[in-house]
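Let me begin by presenting the structure, written as C-alpha cells, before commenting on it.
Residue numbers (the working numbering): 699 to 1017.
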C-alpha cells in the first residue's frame, strides 16, 4: 500500500457545495490508480451513503488493486431505517454489523480492507464494539480494524480485545494535537497512523484566502479557521510554507504533505480532492525530500488559529 492515499469525502460532501461532479471524481480515482495510489478512504456518513456508491462504481472490477477503508458509527439503524439522515452516534454491535453489510452492498464488494469506528460511542463499552468488529474479521468481511479520533485509554482497551491496525486523526502543520500524543502510542503498540486533512482543509494549498466566494453549503464557510480574526495568522503560516516551496520548486500543498510524511515511515496521508489536477499535484509530495533546515522551520510554525469546528466538538463532527 502506498503511504499517500486519497480521501474521498469531498467528492460527495463537506466541500462540494452544490457542485458535485461524479464523472470528474471517478476520473480522479482512476488517475490515482494510474499514479500508483492504492489506498482509498470513504465512510457511510459521507453524503451520507452516496460516497460509498461512488467509490464502488469507480473501483468496480479493480478491488484486487486497492485497499479500501470505510467507517461506521454516525448513524443508528437499529430502528430498521436503512439510510437515516439524522445523525446519532451508535457503535452497538448490532449497528456495527448492519452498517458493514450495507456498506458492502453500496461498495459492491464482499469485504473491506479496513473498517474504522468513526468516533467513539460513549454509551457502548469499547470492548463490545471491537468484539463485534473482530467477529467480522473472523467472517472474512473485514481484513483490519481501525479507530478515528479515539483517546489513548480507549485505544489501549480496544487493542487488548483485537489488534488495531490503523489510527486516523487530523494531522497537519495546522493541527498537531492530540495527534502527536497518539503517534507515540501508535509506535508503542505497533499501530499505523493515518493523517486526514493534511492540507488544513485547503488553506495550506495557498489557493484559499477568502471564504466569501465559497458556496454557503461548503463546510468551510463560517469555519472558525477561516474567520477574519484568524485568517491573518493562518495565512502568515501559509506564507512560510510557500517560501519553502519556492526553495524546493514545489507548491505549498506538496510541502505540507511532504512534512506529514517526513514525520515517520509509519505515517500515511490521505489528502482529499475531486480534481485530477490537484491529485497529480499532491502525488508529487511522496517523492519530495525536505532538508533538515526546512523541516525545522516548518516544525517551528505555530498551530492554526481558530477551532477545527464551529459550535460542535470533534466527536460530533465526523469530518
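A virtual CB, placed ideally from N, CA and C, is assigned to each residue, including glycine.
Check your understanding: Counting Cβ pairs closer than 8 Å, one from the region 959 to 970 and one from the region 890 to 899, do we hit at least three?
Key -> By the Cβ test, the region 959 to 970 is in contact with the region 890 to 899, since at least three Cβ pairs between them sit closer than 8 Å.
**Study point:** Stretch-stretch touch, CB-based, cutoff 8 Å, three pairs: the region 819 to 826 with the region 848 to 857
**Key:** yes
Check your understanding: How about residue 880 and residue 850: do their beta carbons lie closer than 8 Å?
Key -> For the purposes of this step, residue 880 is identified with residue 182 of the chain shown, where counting begins at 1. For the purposes of this step, residue 850 is identified with residue 152 of the chain shown, where counting begins at 1. For residue 880 and residue 850, yes; Cβs fall inside 8 Å.
Exercise for review: Just the C-alpha distance for residue 718 and residue 901, rounded to the nearest angstrom, thanks.
Suggested key: Taking the chain shown and counting its residues from 1, one reaches residue 718 at position 20. Taking the chain shown and counting its residues from 1, one reaches residue 901 at position 203. Those two C-alpha atoms are separated by around 20 Å.
Review point. Which full runs of the alpha helix (DSSP H) of 4+ residues lie inside the region 804 to 862, going along the chain?
Key: 824 to 836, 850 to 859
Point to revise | For residue 763: DSSP bridge partner residues | key: Looking up residue 763 in the chain shown gives position 65. Answer by DSSP bridge pairing: none, since residue 763 is not bridged.
Point to revise | Which listed residue (971, 1005, 989, 983) has its alpha carbon closest to that of residue 738 | key: The residue you call residue 738 lines up with position 40 of the chain shown. Closest option to residue 738, Cα to Cα, is 971.
Exercise for review: Just the C-alpha distance for residue 932 and residue 781, rounded to the nearest angstrom, thanks.
Suggested key: Counted from its first residue, the chain shown places residue 932 at position 234. Counted from its first residue, the chain shown places residue 781 at position 83. Computed Cα separation, rounded: 38 Å.
Point to revise | Alpha-carbon spacing of residue 705 relative to residue 767, whole angstroms | key: Numbered from 1 along the chain shown, position 7 holds the residue referred to as residue 705. Numbered from 1 along the chain shown, position 69 holds the residue referred to as residue 767. Going from the Cα of residue 705 to the Cα of residue 767 covers about 10 Å.
Point to revise | Touching by the beta-carbon criterion (3+ pairs, under 8 Å), the region 719 to 734 and the region 966 to 982 | key: yes
Practice item. Kindly identify the DSSP beta-bridge partner or partners of residue 739. Key: Taking the first residue of the chain shown as 1, we reach residue 739 at position 41. Residue 739 is bridged to 705, 767.
Exercise for review: Leaving aside the five residues before and after residue 828 along the sequence, list all residues of the same chain whose C-beta is less than 6 Å from its C-beta, in chain order.
Suggested key: As a first step, residue 828 is located in the chain shown; it is residue number 130 there, counting from the start. Only 856, 859, 860 meet the Cβ criterion.
Exercise for review: Could you tell me whether the Cβ atoms of residue 750 and residue 711 are closer together than 8 Å?
Suggested key: Here residue 750 refers to the residue found at position 52 of the chain shown. Here residue 711 refers to the residue found at position 13 of the chain shown. Going by beta carbons, residue 750 and residue 711 fall outside the 8 Å limit.
**Study point:** Completely contained alpha helix (DSSP H) runs for the region 899 to 987, where each covers 4 or more residues
**Key:** 926 to 946, 950 to 959, 974 to 981
Exercise for review: Using a threshold of 8 Å, state whether the C-beta atoms of residue 813 and residue 787 are closer than that.
Suggested key: One-based indexing of the chain shown puts residue 813 at position 115. One-based indexing of the chain shown puts residue 787 at position 89. No. Outside cutoff.
Review point. Leaving out five residues before and five after residue 1011 in sequence, what residues of the same chain have Cβ atoms less than 6 Å from its Cβ?
Key: Counting from 1 along the chain shown, the entry for residue 1011 is found at position 313. Low local confidence applies: a pLDDT of 46 at residue 1011 is under 50, so the model's placement there is unreliable, with the coordinate-based value given in what follows. Around residue 1011: no qualifying Cβ.
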